[in-house]
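Reviewing the structure listed below.
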RNA sequence: GGGGGUGUAGCUCAGUUGGUUAGAGCGAUCGCCUGUCACGCGAUAGGUCGAGGGUUCGAGUCCCUUCACUCCCGCCA
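In the numbering used here, the protein residues as written are 20 to 613.
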């Protein structure tokens with residue numbers, strides 16, 4: 020028999036009455052009645068109430084023992100009186116009468132309480148992460164994460180995917196995020212980079228003939244943090260398949276996600292077959308390529324209305340003449356909303372730096388009219404036309420914005436969220452997944468005005484790039500796709516370009532000549548010329564999936580040992596300075612500090 | 001790199017228009033209490049009000065600088 024325990028702290032039930040048992044765990048809570056002491060003993064599995072009174076010679080010692088001390092108790096299981104049963108814990112029908120106890124691990128005065136629902140400053144939580152992780156909610160989050168990951172492994176393996184590890188020390192890639200660099204001792208002056216993703220390796224695995232690959236892959240990017248973005252490192256379910264089209268990848272991932280979310284959440288799925296929305300549709304209807312489909316509001320372009328003679332809203336008309344567009348959001352049956360509702364949204368938009376949101380409500384007594392400060396600028400015929408265009412009924416309202424396309428997308432997207440929230444239209448108990456497809460291969464850099472890859476340079480274009488298409492590279496679409504859930508981008512993927520000639524063509528559009536490509540992607544381009552299968556894949560973000568399942572807004576709540584916003588580990592004190600000897604080994608010298 | 005928020009006891013927070021000795025709850029220490037499950041009651045200790053400078057007769061409070069944490073923008077193929 021194990022010397023620490025016969026049972027864990029979530030095991031004892033009425034069936035165990037009168038048994039002599041031992042438990043080990045942390046003192047979660049003490050309730051000291053002077054001559055009678057209750058101790059809630061906690062371990063990973065649960066809590067058991069233990070009790071001791073002054074007749075016992077150990078009473079005074081136990082009474083003095085600090086919370087969070089690790090103890091072993093030995094005693095007898097007894098039933099609780101009917102009125103003292105605790106229904107909130109699984110072991111609540113029994114308690115353990117302590118005979119002897121032993122301290123296994125002492126505990127100093129705590130810098131933060133463990134047994135509390137209070138929120139604490141991030142700094143102290145991260146410094147004492149081992150204490151923070153004892154707390155219920157985050158402890159459960161981390162267990163959930165473990166379970167989801169094993170579930171993914173078993174599901175993927177079941178359908179024929181093989182899990183492979185790829186190198187952590189690899190080479191720096193020219194595109195994308197900043198790399199983390201590791202100096203090479205054996206190759207003075209040269210550096211490894213930590214992989215931003217195993218992108219090239221997984222393609223090489225396909226070219227090596229392995230057919231279906233996955234990995235719970237660590238990815239390293241040296242970029243600034245956000246609430247849903249760890250600084251430094253994060254995990255992806257990286258996967259790749261050979262001889263597949265877009266639909267094949269969709270089928271695998273859609274089924275997997277449906278299974279995960281059904282198994283690990285009680286929230287409903289809005290769609291089990293994820294709708295596919297083209298990038299251009301998404302940008303128009305939602306103003307974003309990560310739409311929250313729980314929100315029923317839709318954006319419509321009504322620019323043409325403002326070239327009518329019977330519309331006299333001159334501010335918009337002028338802007339439209341100089342190339343701006345007008346888009347609107349329709350809200351159903353909002354005629355009885357107070358004026359403050361409309362004004363607040365207009366004010367909110369102005370606060371964001373936009374020129375505000377014009378609004379009115381469709382009304383009809385004898386004639387159709389528009390109620391609101393700008394209603395008088397629209398004729399009855401123009402209003403009828405708008406209603407037809409956006410499918411509105413009397414009693415509905417619209418909010419309109421006028422701007423250049425990209426600014427217009429931004430403001431309408433934010434307005435859609437804001438109005439959705441204000442009208443309480445978003446059901447928090449739903450997951451709404453969708454695919455965003457048909458991404459453009461290229462986009463124009465707003466600063467330099469140069470053409471650049473909009474996503475992944477290794478994606479397959481949807482055409483062979485004949486002369487005519489090459490003239491308008493911004494119109495070239497790629498077999499490139501994203502999964503979005505509740506407005507959060509979960510992953511992006513693509514059918515890859517496995518034809519070197521096509522690759523050179525695409526890179527030349529983005530301003531790289533053949534030599535550049537050969538040099539920067541030598542491993543890839545070389546491999547592609549030795550018989551590469553058509554292949555594609557995707558890489559859903561594990562951390563964000565867990566965030567959705569655990570209903571957390573911050574990625575640190577689902578990460579065991581996260582860094583803070585400045586990419587420091589306050590517990591391990593990373594990053595740290597290194598010795599002169601270490602630097603010398605690496606052929607590095609530091610510039611003098613300020 | 002830029003913008004917002006926060007910083008007062010070990011923890012969570014209050015602190016009025018600038019005005020006497022900076023408070024509460026939890027935790028700690030001591031005492032009382034045999035049925036609690038956020039046990040209860042009483043007492044004690046615990047403070048560079050993030051740091052530095054300024055205004056003022058007087059600053060936790062006003063001003064300037066700076067640091068830390070956090071959220072956002074940029075960035076994240």
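C-beta: ideal position from N, C-alpha, C; glycine also.
Residue 115 carries a strand assignment under DSSP once its states are collapsed to helix, strand and coil.
When C-alpha distances from residue 101 are compared across 317, 114 and 93, the shortest belongs to 114. With contacts defined by Cβ atoms closer than 8 Å, residue 378 and residue 416 form a contacting pair. Bridge partners of residue 478 according to DSSP: 515.
Secondary structure of residue 329 (DSSP, three-state): coil. Residue 67 carries a strand assignment under DSSP once its states are collapsed to helix, strand and coil.
Under DSSP, residue 181 forms a beta bridge with 232.
Taking a cut-off of 8 Å on C-beta distances, the stretch 315-323 does not touch the stretch 462-481, as fewer than three cross pairs fall below it. Here residue 608 carries a coil assignment [DSSP, helix/strand/coil]. Between the C-alpha atoms of residue 32 and residue 498 there is a straight-line separation of about 57 Å. For residue 399, the uninterrupted alpha helix (DSSP H) segment begins and ends at 399-409. For residue 164, same chain residues with a beta-carbon under 7 Å away, outside a window of 5 residues either side, are 565 and 577 in chain order.
Listed as beta-bridge partners of residue 295 by DSSP are 454. If you draw a straight line from the Cα of residue 249 to the Cα of residue 403, it is about 50 Å long. Fewer than three beta-carbon pairs drawn from the stretch 557-574 and the stretch 97-112 are found closer than 8 Å, and the two stretches are therefore not classed as touching. In this structure, residue 455 lies away from residue 290, with their beta-carbon atoms at least 8 Å apart. In the DSSP assignment, residue 142 falls within the unbroken alpha helix (DSSP H) covering 141-146. Bounds of the alpha helix (DSSP H) holding residue 435 are 424-441. Counted as a single uninterrupted DSSP element, the beta strand (DSSP E) harbouring residue 260 occupies residues 251-261. The continuous beta strand (DSSP E) containing residue 503 extends over residues 499-504.
Residue pairing by DSSP places residue 121 opposite 91 in a beta bridge.
Of the other Cβ atoms in all chains shown, 16 or more fall within 10 Å of the Cβ of residue 461; this residue is therefore buried.
Residue environment: residue 47 is assigned as buried (16 or more neighbouring CB atoms within 10 Å of its CB, all protein chains considered).
Secondary structure of residue 211 (DSSP, three-state): strand. The DSSP-derived three-state label of residue 172 is helix. Counting C-beta atoms within 10 angstroms of its own C-beta, residue 245 has fewer than 16 neighbours from the protein chains shown and is therefore classed as exposed. With at least 16 other beta carbons inside 10 angstroms of its own, residue 261 counts as buried. A contact between stretches requires three or more CB pairs, one per stretch, nearer than 8 Å, and the stretch 341-349 meets this requirement with the stretch 409-425.
Per DSSP, residue 577 lies in no alpha helix (DSSP H) and is assigned neither H nor E.
In the displayed model, residue 51 falls within a strand according to three-state DSSP.
Check the Cα spacing between residue 203 and each of 188, 196 and 194: the tightest is with 188. In this structure, 515 is the residue among 515, 464 and 93 with its C-alpha nearest to the C-alpha of residue 220. Rounded to the nearest angstrom, the gap between the Cα atoms of residue 292 and residue 278 is 12 Å.
Taken in chain order, the whole alpha helix (DSSP H) runs of length 4 or more contained in the stretch 522-564 are 533-539 and 541-547.
Short of 6 Å from the beta carbon of residue 139, and not among the five residues preceding or following it, lie these beta carbons of its own chain, in chain order: 131. Distance from the CA of residue 437 to the CA of residue 334, rounded to the nearest whole angstrom, comes to 24 Å.
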